[in-house]
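In this note's numbering, the protein residues as written are -5 to 96.
Pasting the structure below:
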């Protein structure tokens, strides 16, 4: 049996990798992948805390499934926005869309 602390370490590692990737990358797709890593770290925390605090209950797992659904919808919208930006600016770099005005 894997100890719960190992899940917390994995979750922290995924979270910091995602934050580092989001801060250092200028590519929109790489930034989206970094956000997904952060959301996966949150999902692992939901499941691990459910196992630690309420071993017989399923609330953490249902929250994880809900979060996965929300992140899938967020990814679909983000990819649609990235495709639209690429069609207009012919680039997927963040610095090319800095000149967008209201």
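Cβ atoms here follow ideal geometry from the backbone N, Cα and C, with glycine treated the same way. Every value quoted in this text rests on a predicted model; they were computed, and no experiment measured them.
Next item on the list: Starting from residue 73, follow the alpha helix (DSSP H) in both directions and report where the run begins and ends.
Entry: 53 to 83
Check: To which residues of the same chain is residue 100 closer than 8 angstroms at the C-beta, ignoring the five residues directly before and after it?
Finding: Because the chain here runs from -5 to 96, residue 100 falls outside it and cannot be looked at.
Notebook entry, point to check: Between residue -2 and the ligand MG, is the CB less than 7 angstroms from at least one heavy atom?
Noted result: The ligand MG is absent from the structure shown, which contains no ligands of any kind.
Next item on the list: Using three-state DSSP, classify residue 39 as helix, strand or coil.
Entry: For residue 39, the secondary structure class from DSSP, reduced to helix, strand or coil, is helix.
Checklist line | residue 44 in three-state terms, based on DSSP | finding: The answer is helix: DSSP assigns residue 44 an H, G or I state.
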